[in-house]
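Just so you know, we're using UniProt numbering here: the sequence shown kicks off at 1 and counts up by one. Some notes on the structure that comes next.
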Amino acid sequence: MMKIMHVDASAKRERSNSRALSRFFIERLREEGVELDVDYLDVTVDTPPHVSEAFAIATYTPEHERTAAMRAALADSDVLCRRLLEADALVFAMPMYNWSMPSAFKAFVDSVTRTGVTYVNTADGRIEGQLGRQKVLFITSRGADLRPGTPFSSMDALTPALKAAFGFLGVADPAFVDAQPLQFSNQEARAEALERARAELSTVAAAWAKWATSVDMQREAMTF
Ligand SMILES: Cc1cc2nc3c(=O)[nH]c(=O)nc-3n(C[C@H](O)[C@H](O)[C@H](O)COP(=O)(O)O)c2cc1C
1 MMKIMHVDAS AKRERSNSRA LSRFFIERLR EEGVELDVDY LDVTVDTPPH
51 VSEAFAIATY TPEHERTAAM RAALADSDVL CRRLLEADAL VFAMPMYNWS
101 MPSAFKAFVD SVTRTGVTYV NTADGRIEGQ LGRQKVLFIT SRGADLRPGT
151 PFSSMDALTP ALKAAFGFLG VADPAFVDAQ PLQFSNQEAR AEALERARAE
201 LSTVAAAWAK WATSVDMQRE AMTF
């Protein structure tokens, strides 16, 4: 059984490409025979709050010094962090908005980046991200084509932002499937972009299925 956290972040619903692609990926995983326990979060519906002053102070106050009010300010974030830490795999789907991530997803990042929870300061002064165990896939949809060699390639502030934010939490080697161009192009190029993305998602699904089997086998071996 693979526990997977599936997060969508597009403002669009039925018409959303990133939502369609993340659904496609989950279906592909099931078709690969992976048993899934899906924890779904739509950050456009359950949007974590902006960082407040109370949160900013409480998050850097050592746990044993926190007042009841400080603990309350962190309670929702604690729950979100727990959901991430309990998952075996994370699928984050989002459109590019103004060259970076949608603000609802940024609010999610701000909620789950927690000292002493999703990253810890070690006694010897290092920072240790706690999401090293999780498989991670980012599915992004873009109106323009930002692949290397295109005029917009230098404008991609989304990929590095996601790599940095989750790299800090211990995610070393996330998969990226970027569907592009989906808007600022002709119909044929859009269809090709979606087809390319689906093919890439199928490849990732096959790799995760293999990994899931080996993890299940290890678990079984440990129970004997
Ligand atoms: C507010 C807004 C800002 C956008 N900014 C960009 C952008 O900076 N670069 C880009 O390539 N596409 C941009 N787009 C286009 C979307 O990324 C593209 O249509 C994508 O496929 C939307 O994904 P969705 O169908 O899941 O909503 C923007 C779209 C919207 C609505």
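Idealized CB from N, CA, C, for every residue including glycine.
Between Val-51 and the set Ala-11, Leu-41, Val-112 and Ser-100, the nearest pair of CA atoms involves Val-112.
Counting only the Cα atoms, Asp-88 lies some 13 Å from Thr-213.
Counting only residues of its own chain and dropping the five nearest sequence neighbours on each side, Thr-150 has no CB closer than 7 Å to any other CB. The beta carbon of Pro-95 sits closer than 7 Å to at least one heavy atom of ligand 1.
Spatial neighbours of Gly-116 in its own chain (CB-CB distance under 7 Å, excluding positions within 5 residues in sequence) are listed in chain order as Glu-63. Assignment of Asp-145 by DSSP, reduced to helix, strand and coil, places it in the coil class.
In this structure, Ser-18 has its beta carbon less than 7 Å from a heavy atom of ligand 1.
Looking only at Met-217, Ala-209, Lys-210 and Asp-8, the smallest Cα-Cα distance to Ser-103 is reached by Asp-8. Between Leu-29 and Ala-189, the CB-CB gap reaches or exceeds 8 Å. By the C-beta density criterion, Lys-12 is exposed, having fewer than 16 other C-beta atoms within 10 angstroms.
Arg-142 has its CB nearer than 7 Å to a heavy atom of ligand 1. For Leu-74, the shortest separation between its Cβ and any heavy atom of ligand 1 does not lie below 7 Å.
Going by C-alpha positions, Ala-68 is about 14 Å away from Asp-78. For Phe-55 and Ser-185, the gap between their C-alpha atoms comes out near 43 Å. Close CB contacts of Ala-172 within its chain, under the 7 Å cut and outside five residues either way in sequence, are with Gly-132 (chain order).
Taking a C-beta distance under 8 Å as the contact criterion, Ala-193 and Gln-180 qualify as a contact pair. Rounded to the nearest whole angstrom, the CA to CA distance from Glu-220 to Met-1 is 12 Å.
Within the chosen limit of 7 Å, ligand 1 reaches the beta carbon of Gln-183 through at least one heavy atom.
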